[in-house]
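Mapped onto the working numbering, the consecutive letters of the sequence shown carry residue numbers 833 to 963. Idealized CB from N, CA, C, for every residue including glycine. Owing to the predicted nature of the structure, the values given are computational and were not obtained by experimental measurement.
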Amino acid sequence: MSRGPEAFTCRFCGHKERREEHVVLHIGRAHAGVLDGQEAAAFAAAKKEEEAILHRVSLHVGAALLVLPIVLFYLFLIGALLQAGANIGFALMGAPGIVAFCVFGYFLMLSRDRLSTRPDLIDTPDQDRDT
Numbered sequence: 833m834s835r836g837p838e839a840f841t842c843r844f845c846g847h848k849e850r851r852e853e854h855v856v857l858h859i860g861r862a863h864a865g866v867l868d869g870q871e872a873a874a875f876a877a878a879k880k881e882e883e884a885i886l887h888r889v890s891l892h893v894g895a896a897l898l899v900l901p902i903v904l905f906y907l908f909l910i911g912a913l914l915q916a917g918a919n920i921g922f923a924l925m926g927a928p929g930i931v932a933f934c935v936f937g938y939f940l941m942l943s944r945d946r947l948s949t950r951p952d953l954i955d956t957p958d959q960d961r962d963t
């Protein structure tokens, strides 16, 4: 990986990164004891953004892991039905239901994630209502 003159450099140890956010993350992790208030705030913002990106990626990986076995099973089922001499229309008859199930599962994962990150959307009884 070539690093051109546009690389960003850590002012403490000379570590180079291609993106400024990566240098901010490096400084926050490697030199946490010498950060001033502005650098600490920049590190916190960059760390929060990085965690959000990783969370979105994990959601998509989870959705793929949900959909992949279902699709592979359905393809196996279509192949078995066609091999047994079934009509192609009969073999593909369940496709809309399978697609709907996969889409529903994906959106269920997303809504569960939204509820876990937004506790104000969850209707829970308050402790104060008991009085």
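In the DSSP assignment, the residues bridged to E849 are F840. Counting along the chain, the unbroken alpha helix (DSSP H) around H887 starts and ends at 869-915. Counting C-beta atoms within 10 angstroms of its own C-beta, I885 has fewer than 16 neighbours from the protein chains shown and is therefore classed as exposed. The C-alpha of G926 lies about 12 Å from the C-alpha of L913. Under a 10 Å Cβ-count criterion, V855 is classified as buried, with 16 or more other Cβ atoms of the shown protein chains found around its own Cβ.
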